[in-house]
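Top line first, the protein sequences correspond to chains L and R.
Take the first sequence: its position 205, counting from 1, is numbered 205 in this note's numbering, and each next residue is one higher.
To convert a position in the second sequence, counted from 1, into this note's numbering, add 1000.
Even for Gly, the Cβ is constructed at its ideal location relative to N, Cα and C.
Just below is one structure, and these are the notes that go with it.
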Amino acid sequence: MTAPFRTASGGRIKRAETLSFSFDGRPLEGHPGDTLASALLANGIHLVGRSFKYHRPRGILTAGSEEPNALVTIARDAGRTTPNLRATEVEIYSGLKASSQNRWPSLSFDVGGINDLFAPIFASGFYYKTFMWPKSFWRSVYEPQIRAAAGFGMAPEKPDPDRYQQRYAHCDVMVVGAGPAGLAAALAAMESGARVIIVDEGAEFGGSLLTDTSARIDGKTGWHWAADIIMSLGLSDKVTCLTRTSAFGYYADNMIGLSERITDHLEVPPAHAPRERLWQVRAKHVVLATGALERPLVFPGNDRPGVMLAEAARTYLNRYGVKVGSRVAVATATDSAYQAAIDLKAAGVEIAVLVDVRPEGGALVELAREAGIRVELGASVCDTVGRLRISSLAIGRIGADGRATRFETIACDGLLVSGGWTPTVHLYSQSRGKLRFDAASQTFLPGVGAQAQISAGAANGTFGLESVLNEGYAAGEAAARAAGKKTFGAKTFSAEATDAAPAGTLGALPTDRDPSRVRAFVDFQHDVTAKDLKLALREGFRSIEHMKRYTTTGMATDQGKTSNLNALAIAAKELGKDIPSVGLTTFRMPYTPVSFGILAGVARGDMFEPVRQTAAHASALALGAVFEDVGAWKRAWYFPKAGETMHQAVNREVTAVRQTVGLFDASTLGKIEVVGPDAAEFMHRLYTNPFLKLEVGRCRYGILTKDDGFVFDDGVVGRIAADRFHVTTTTGGAARVLSHFEDYRQTEWPDLKVWLTSTSEQWATFAIQGPKARDIIAPFVEGIDISAAAMPHMSVRGGTFLGVPARLFRMSFTGEFGFEVNVPADYGRAVWDALYPAVIAAGGAAYGTEAMHVLRAEKGYIIVGQETDGTVTPDDAGLAWAIGKAKADFVGKRGMLRADLVAPGRKQLVGLETVDGTTVLEEGAQITPVAVPAKRSHAIGHVTSSYQSPTVGRSIALALLENGRARHGERLYVPMPNGAIAVVVTDPVFYDKEGKRLDG
Amino acid sequence: MLLIRCPYCGERPEIEFRNMGEAHILRPGTDASDDEIADFLYRRSNTKGLIAERWRHVHGCSRFFNAVRHTVTDKFVSIYKTGEPKPDLTALAASLNGVARS
């Protein structure tokens, strides 16, 4: 059955095939080629949504992406539910389920419509003025209520199951918009041999040619001409044609962001296809052929369903074979609306009246009258009537005083409006090009550009099909030439069409009613009226940017594509200024909304962030290790046995290291190989410690400061050969330490012959710590004498371990006798798997980072980033012994001598013991001299590390404390919400102060 | 996204680079005064207009180089290797204005 408002023939839809779809549960039919909007209109449905604030019934205003009203939710399933899609862009398929938004319980009876009755109180700044008191109500009552009432669609209930793709592309010429100008530009660029990408947001190329059935180009119809060009573009292997693709952003250095919709229009999306694709295109030159948008007129009741842009009505007729009413009126300030009226009349739609606000009318007055259309010149729309659909309009004669005198009320079921054409300069403006105001056409046009681009056609303020085609071709040619291609001279087209002139009217139309009482909508989506804008100005908002934010005009999802210029004109008139001196608000990306999916791409779930695992990760996992995140690394935190708490596991691990032996995966440590004839000199200049005389085969604990003199990183450095060092850094510091090294190597001391290589991921590193450490490793070591005499504390040897090449360090971060073995990462798991059973057999245990922290804290060893915070000098941290006093210079030497850094009273590293011996202090807690500090007194220190120590049998803490080294034995306090905790200041070394255990 | 011309690799997208702060700030010797060391560590020109900066092609060749950039437009005006002399920013600015006028 043919839908009631479908024409008998014509349009680009496939009439032979019928598609069933539903809107708010109501089954309807349409044809392939229909948008949801055209199919609804064919079924006589104009009412498609409710407005944001007043819940006013709203209809379809446009036929394109600028649609402010007809926002719908399309649901395939719980995870594939997309709100706020424009019905004017949604292509129907069999089984499409669309629903309206912002209404309850139904579209035609919406409880929220009560807001409309209270419209006088919902003026500009309503929220700021109303929800002021009591203050506590904002969070608990007002904000939740407003949030529930606000917004359009609902987010889907389940995670998005679709795939989104991202790709990069390069081209010589990028053409945005495939209307007549864009197609001509792409043709010119193609003929020069340039690599071209041409995109259009529509389902097919052609732009205005798809609407203008009267156009003739070089003897062909517009459709035929476009089809020929599209075919030749498609046949060229240098041209990429992308339909359903929005150029949403113009970024620096000619990067264009494209959002390509791939499967949304398909009934059954192919399993292999991504739903959408993000393109990041770097173009040598860009042609902006983005066309122009028709403006609505601002008059009382201009938002009723049935009120539609004139060219949109013409598009529905000529492209989709849909009559937007049976008796429609036209209100216009342009010639193009006359053509719409003439086309509709010819299709059998009764034209109730054509009202032209221009006293003289335009070029088509006679043609319209000949077609039998009643034309009223110098007239305005005073008001409209009709709740869910317009039913009549009142028209008035415009007098010399700028007021209208009502003279007739005319019944209608549709009202076509045309206030003029606004060139689409969004992308141009995003490219940072300057706009200029053209007084003749009352439009902003591209002025001085900032990037390699050129605008053509209506986007450039050029109207008239022949001029548009010629300008488009010339722009394509110029772009290709600028991209380094040879072109073959201008080409001119011969074309006939009715031309949309840019001029029109701006701001509110004359009316016979009190403009301060009527609601003439400017921004349909955010329900901003001319009255609201004037109120904002009266309240003192002068800047257009402030007015925009206060009234929210132009801030809806359509970003004011149809409303901004009218709002600007109203503001200018009210301020008594001209439009250019009021200025435009900023055009921001994206041009049309972009899904989060394409921005995220594959970076979600497990792919959200890279995870770094050590070579022995799987073995630790098999042992039941609990992991913690350290940067991107997964580190084994502790290894609980069945039934053990974390605390029990950590105590067991610490005790194993102290009494027998422990095995620790230290592979995440940063490692840098420093090589070259000047390697020792380089190390000597970077570290606070002396390095020139470090013997081959020996290691040193080194401190890095930056030139400011504060501790930056630390680690053990082994001298492998005269010209080779094995440097270790903290896990988190690996990248920044290498960057720091490279900086000084490349820019400060380029004369030094030294090379740096990150080896963090090449070595797997295991610490074997505890009295039995030598027994454990002995069976695996070949080529190294590991006896105490041959291999003293802080030495390094090369040999093999389990038959693989190894660097064996004798060193300790636990205070126990021990080794750290480095093997190529590929053998890491095998080495762990060999060591672990040996450690267990000896009565030891694997230990994780928590036990490591306890062990080092018992010994007072600092962790950079825990005991230091970027304001701690080596001396503050008790590491003055590591500063080479005799060194002429090193990075940080001068910095750490600054007055404040050597002044008395600095915070110094100390130990803290709670008086009760059991309370474990909170890390970060403040330290005060008295239990209840006086107001405005300051803390004299803070806790940096705190643990229960199984070794010393009490809680221990490290802290930074003002003048701390002179305070050993003092009783201080750590104030907490439940009362102050008494502590005694101690030396930071809690266990084996003499360091005898290091000797084994 | 900006295109930045690494003097060793050619034009690459901005995400491959890291800005390393103002260029041509000389590291003083150990005999520097407190004021000189404060200048070196902390005080920067914070220019509106042309500024000479250190950049590093960190996700590429890893090398440091210097560049003159306009802090308002983000345009790179001059790119040169570490160790090469600082361009005359006043003269560069004047020549840019000349280009804009012509």
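_Just to confirm my understanding: we take L/R588, look at its own chain, exclude 5 residues before and 5 after, and list those with CB closer than 8 angstroms. What are they?_
The answer, listed in chain order, is Q430 and Q559.
_Any beta carbon of chain R sitting closer than 8 angstroms to that of L/Q746?_
So yes, L/Q746 belongs to the interface.
*For L/A252 and chain R, any beta-carbon pair shorter than 8 angstroms?*
It does; some Cβ of chain R falls within 8 angstroms.
*Please confirm if the stretch 354–372 of chain L is in contact with the stretch 444–460 of chain L, defined as three or more CB-CB distances below 8 angstroms between the two stretches.*
No: fewer than three Cβ pairs fall under 8 angstroms.
_Proximity winner among L/G112, L/L297 and L/A957, relative to L/T505 (alpha-carbon distances)_ = The shortest C-alpha separation from L/T505 is found at L/L297.
*asked:* At 4 residues or longer, what runs of the alpha helix (DSSP H) sit wholly inside the stretch 441–528 of chain L?
replied: Taking only runs of at least 4 residues, the alpha helix (DSSP H) segments lying wholly in the stretch 441–528 of chain L are 465–482.
_For L/M683 and L/K753, the rounded distance between their alpha carbons_ = Approximately 12 angstroms, taken between the alpha carbons.
*If the cut is a Cβ gap below 7 angstroms, which residues of chain R does L/G895 touch?*
Those within 7 angstroms of L/G895 in chain R are I1037 and L1041.
*Can L/T511 and L/V528 be called in contact, C-beta distance under 8 angstroms?*
No; because the gap between Cβ atoms is not below 8 angstroms, this pair is not in contact.
*Indicate whether L/L388 and L/S108 have their beta-carbon atoms separated by less than 8 angstroms.*
Contact flag set, yes.
*Exposed or buried, what is R/N1019 when buried is set at 16 or more other beta-carbons lying within 10 Å of its beta-carbon?*
With fewer than 16 other Cβ atoms within 10 Å, it is exposed.
_Which same chain residues end up closer than 6 angstroms to L/V891 when comparing Cβ atoms and leaving out the 5 residues on each side of it in sequence?_
The answer, listed in chain order, is L686 and D707.
*Taking buried to mean at least 16 other C-beta atoms within 10 Å of its own C-beta, is L/N254 buried or exposed?*
The residue is buried, with at least 16 neighbouring Cβ atoms inside 10 Å.
*Have a look at L/W633 and L/P610 and give me their C-alpha separation to the nearest angstrom.*
Between L/W633 and L/P610, the C-alpha separation is close to 9 angstroms.
*Does the distance from the C-beta atom of L/F639 to that of L/T873 stay below 8 angstroms?*
L/T873 sits away from L/F639, with the two beta carbons spaced by 8 angstroms or more.
*Cα-Cα, which of L/A680, L/N302, L/F248 and L/V737 is closest to L/L427?*
It is L/F248.
*Could you check the C-alpha separation between L/K323 and L/D77 for me, to the nearest Å?*
Distance between L/K323 and L/D77, taken at the CA atoms: about 33 angstroms.
_L/S441 versus R/I1079: straight-line alpha-carbon distance, rounded_ = Straight-line Cα distance between these residues: approximately 44 angstroms.
*Runs of beta strand (DSSP E) lying entirely within the stretch 735–798 of chain L, each at least 3 residues, in chain order*: You should have 755–758 and 763–769.
*Is DSSP giving L/G112 helix, strand or coil here?*
Judged by DSSP in its simplified three-state form, L/G112 adopts helix.
*DSSP three-state assignment for L/K706, whether helix, strand or coil*: Coil at L/K706, not helix or strand.
*Test: L/M255 CB closer than 8 angstroms to a CB of chain R*: Closer than 8 angstroms: yes.
_At least 3 beta-carbon pairs within less than 8 angstroms: the stretch 304–312 of chain L vs the stretch 324–333 of chain L_ = Yes: the two stretches touch, three or more of their Cβ pairs being nearer than 8 angstroms.
*Using a Cβ cut-off of 8 angstroms (strictly closer), state whether L/A8 contacts chain R.*
L/A8 does not count as touching chain R.
*Is the Cβ of L/D707 closer than 8 angstroms to any Cβ of chain R?*
By this cut-off, L/D707 is an interface position.
*asked:* Please identify the residue among L/Q280, L/A252, L/S563 and L/G206 whose C-alpha is closest to the C-alpha of L/R1022.
replied: The structure shown does not extend to residue 1022 of chain L, since chain L is modelled only from 1 through 1000, so no value can be given for it.
_Please state whether the Cβ-Cβ distance between L/H731 and L/V630 is less than 8 angstroms._
Correcting the residue type first, residue 731 of chain L is Thr in the shown sequence and not His. Inclusion of L/T731 and L/V630 in the CB contact set at 8 angstroms is warranted, their separation being smaller than that value.
*From which residue to which residue does the alpha helix (DSSP H) around L/I229 run?*
Here the alpha helix (DSSP H) through L/I229 covers G222 to L235.
*Please look up how many angstroms separate the CB atoms of L/I883 and L/T757, rounded, as I've assumed it's under 8 angstroms.*
For a cut-off of 8 angstroms, the C-beta gap from L/I883 to L/T757 is around 28 angstroms, too long to register as a contact.
_Just verifying my parser: in three-state terms, what is the DSSP assignment at L/K671?_
Here L/K671 sits in strand by DSSP.
*Among L/V674, L/T443, L/L692 and L/C412, nearest to L/K887 - alpha-carbon criterion*: Of L/V674, L/T443, L/L692 and L/C412, the residue nearest in Cα terms is L/L692.
*Using 10 angstroms around the beta-carbon of L/Q101, count the other beta-carbons present and answer buried if the total reaches 16, otherwise exposed.*
Per the 10 Å Cβ criterion, buried.
*Taking 8 angstroms as the CB-CB cut-off, is R/D1088 touching chain L?*
By this cut-off, R/D1088 is not an interface position.
*Could you check if R/S1102 is buried or exposed, using at least 16 other CB atoms within 10 Å of its CB as the buried criterion?*
In this prediction, R/S1102 scores a pLDDT of 40, lower than 50, which makes its location untrustworthy; the coordinate-derived value is nonetheless stated afterwards. In this structure R/S1102 is exposed. Its beta-carbon is surrounded by fewer than 16 other beta-carbon atoms within 10 angstroms.
*R/P1028 versus chain L: which residues are under 8 angstroms apart at the beta carbon?*
Residues of chain L whose Cβ lies closer than 8 angstroms to the Cβ of R/P1028 are, in chain order, R894.
*State yes or no: is the beta carbon of L/A899 nearer than 8 angstroms to at least one beta carbon in chain R?*
At least one chain R Cβ lies under 8 angstroms of L/A899.
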